[in-house]
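> Quick one: this structure, given as structure tokens, is what I'll be asking you about.
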Amino acid sequence: MTSVRESTDPAGSAAEPVIEAVGLGRDFVLSEGPFLRRRRRTVSAVSDVTLTVRPGEIVGYLGPNGAGKSSTMKMLTGILTPTRGHLRVTGLEPSRQRTRLAGRIGVVFGQRTTLWWDLPLRDSLALTRHMYRVPAADHARRLAGLTELLELGPFLSTPVRQLSLGQRMRGDLTAALLHGPRLLVLDEPTIGLDVVSKSTIREFLLRLNAEEGTTILLTTHDLGDVERLCERVVVIDRGSLAYDGGLDGLRASVPAPRVLVVDLAAPAPPIGVEGGRCVRVDGPRQWLELSENPAAVITRVAQRHEVADLTLREPDIEGVVAALYRGAAVGGGA
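Offset between the sequence shown (1-based) and my numbering: plus 889.
In structure tokens form, the structure reads like this:
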């Protein structure tokens, strides 16, 4: 894939952080009460977020609805001005230098397209070239590489409104990358996609990161994206960072329960043993959520039931994040 960064706005030193936020906060003023007696109340959507993202990282930025993810993303891209704190993205102050910043970052929203709805995809991408002032030769090389990697050829001449969701997402990714950004910001990039389309997008992003060193910041509710793409996870809750570190550290920090899957010789009522709570029954198979040593629970089950098979499942990332969202204490992080 041919980079065009040298032909657009210089991106500064490769050693400087791509994202540097210190004490970042954003407040909103709400008006409440009857029309003639409205009172104003200040609400903090983001409070005291400190975050550094280095070149080449793929970072998952997670949080429940209303946690402050969207407000953070809008500050990073210059849409919102921070109420307080220090923020630099590719060395620029987003809200004051938004035009220059646009040449250094690419943004993709899974639920909204930046493509022209009535134009063929090829024409939409040509207009994008003019928006970013990418030289024609660089655009042609870049588009050829992205067309091959994302398999755009069969639908380049198709109007955007006629594209499937997966095809449109590949088109949006291409539009966001034609100018060779240092940072790619993705908001729910695989939402609504089928398994094959998700896999295509994920493999492309990994290749983009490996070959071009593009830094990727990803928000998603699909934790398969996180496990496949991200070495680092940042979790925000109620406007503040709850965790910043690796996936293994997140698993170790949050007390999400292990699950014992018990295959009985025949269907039976829910198993009731100390240290194991039955959470699901499907014929002869039962799932026990463990609250103590698995060996002790297995012994108790075997003493009371005829067991055909046992499987111990460690917490997956979805269970871990769910536990964190429920307010579980986090014991570590970067």
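Glycine is no exception: its CB is placed at the ideal position from the N, C-alpha and C atoms. None of the values given here were measured: they were computed from a predicted structure.
Apart from the five residues just before and just after P971, which ones in its own chain have a Cβ nearer than 6 Å to its Cβ?
Here the set comprises L913, R915, M964.
> Whole angstroms are fine: how far does the CA of G1128 sit from the CA of T939?
Cα-Cα distance, rounded: 12 Å.
> Sort V1023, I1080, T1109, E1100 by Cα distance to A1065 and report the nearest one.
If we check each option's Cα against that of A1065, V1023 comes out closest.
> Taking buried to mean at least 16 other C-beta atoms within 10 Å of its own C-beta, is R993 buried or exposed?
So R993 ends up on the buried side.
> Across which residues does DSSP place T1200 in a beta bridge pair?
T1200 is bridged to V1150.
> Please state whether DSSP places P1043 in a helix, a strand or coil.
Reduced to three states, the DSSP call for P1043 is helix.
> When DSSP builds the beta bridges, which residues end up paired with F917?
According to DSSP, F917 bridges with V932.
> Tell me whether H854 sits in a helix, a strand or coil according to DSSP, three-state version.
Residue 854 lies beyond the range of the chain shown here (890 to 1223); nothing can be said about it.
> Which same chain residues, not among the five before or five after L1008, have their C-beta less than 7 Å away from its C-beta?
Counting only Cβ-Cβ distances below 7 Å, and skipping sequence neighbours, we find P1048, V1049.
> Going by DSSP in three states, I1125 sits in which element: helix, strand or coil?
Reduced to three states, the DSSP call for I1125 is strand.
> Starting from R1169, trace the beta strand (DSSP E) in both directions and tell me its first and last residue.
Note, R1169: beta strand (DSSP E), 1165 to 1171.
> Grab the span of the alpha helix (DSSP H) containing T1063 for me, first residue to last.
Per DSSP, T1063 belongs to the alpha helix (DSSP H) from 1054 to 1066.
> Whole angstroms is fine: what's the gap from N1098's alpha carbon to R1071's?
If you take the alpha carbons of N1098 and R1071, they lie about 10 Å apart.
> Give me the residue from R929, I1125, V1151 with the minimum Cα distance to A1211.
Of the candidates R929, I1125, V1151, the one whose C-alpha sits nearest the C-alpha of A1211 is I1125.
> Which partner residues does W1176 have in the DSSP bridge list?
For W1176, which the question treats as bridged, DSSP gives the partners V1150, R1169.
> For L1091, which residues from the same chain have a beta carbon less than 7 Å from its beta carbon, with the 5 sequence-adjacent residues on both sides left out?
According to the sequence provided, residue 1091 is Arg. The question's Leu does not apply to it. The residues are D1114, R1117, L1118.
> Are the CB atoms of V911 and L1106 nearer to each other than 8 Å?
No, the Cβ-Cβ distance between V911 and L1106 is not below 8 Å.
> Out of curiosity, what's the CA-to-CA distance linking V997 and V1170?
Each residue's Cα considered, the two are about 41 Å apart.
> Using the rule of at least 16 other Cβ atoms within 10 Å of the residue's Cβ for burial, across every protein chain shown, is S1180 buried or exposed?
When all chains shown are included, S1180 counts as exposed.
> Give me whichever residues DSSP pairs with Y1132 in a beta bridge.
In DSSP, Y1132 forms a bridge with V1124.
> Between V1148 and A1155, what straight-line distance do the alpha-carbon atoms span, to the nearest angstrom?
So the alpha carbons of these two residues sit roughly 20 Å apart.
> Hey, could you find the ends of the alpha helix (DSSP H) D1076 is sitting in?
No alpha helix (DSSP H) holds D1076; the beta strand (DSSP E) holding it covers 1072 to 1076.
> From which residue to which residue does the beta strand (DSSP E) around V996 run?
Segment 994 to 998, the beta strand (DSSP E) holding V996.
> Name the residue from L1004, G1060, V932, L1039 whose alpha carbon lies nearest to the alpha carbon of L1095.
Closest by alpha carbon: L1039.
> Count the other CB atoms within 10 Å of the CB of V1122; is the residue buried (16 or more) or exposed (fewer)?
Under this definition V1122 is a buried residue.
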